[in-house]
Amino acid sequence: MAYVLLSLKFLYYFLFLCFLFFFFYILASQVIFLLLDFTLNVNIVFTHIYLLILFFLILFEYRKKFSERAPFYNNIYNA
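Okay, structure coming up:
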């Protein structure tokens, strides 16, 4: 039962993070597009490519940080 509750908690957490990502992604893409459109007259496609590259770079950095902390969490759950 605890495993089910824990998995539901992480599912809700994941869905909330997805919602935040898409909300801020859309917001950031529109802001960057408006800023770049006035200065460089770029296409919206380049804005999305730039944001996706930035997102994956941030995700890679966080993955490295979480992998460094992973043995600590494994010791808590295995105790």
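All you need for this note's numbering is the position in the sequence shown, starting with 1, plus 5.
Where is the CB? At the ideal position from N, CA and C, for every residue including glycine.
Tell me whether residue 38 is buried or exposed, calling it buried when 16 or more other Cβ atoms sit within 10 Å of its Cβ.
As a first step, residue 38 must be located in the sequence shown, where it is residue number 33. Label assigned to residue 38: buried.
Is the region 10-20 in contact with the region 29-36, if contact means three or more CB pairs nearer than 8 Å?
no
Contacts around residue 52, its chain only, beta-carbon distance under 8 Å, and the 5 residues preceding and following it disregarded:
Looking up residue 52 in the sequence shown gives position 47. These residues qualify, in order along the chain: 34, 37, 38 and 41.
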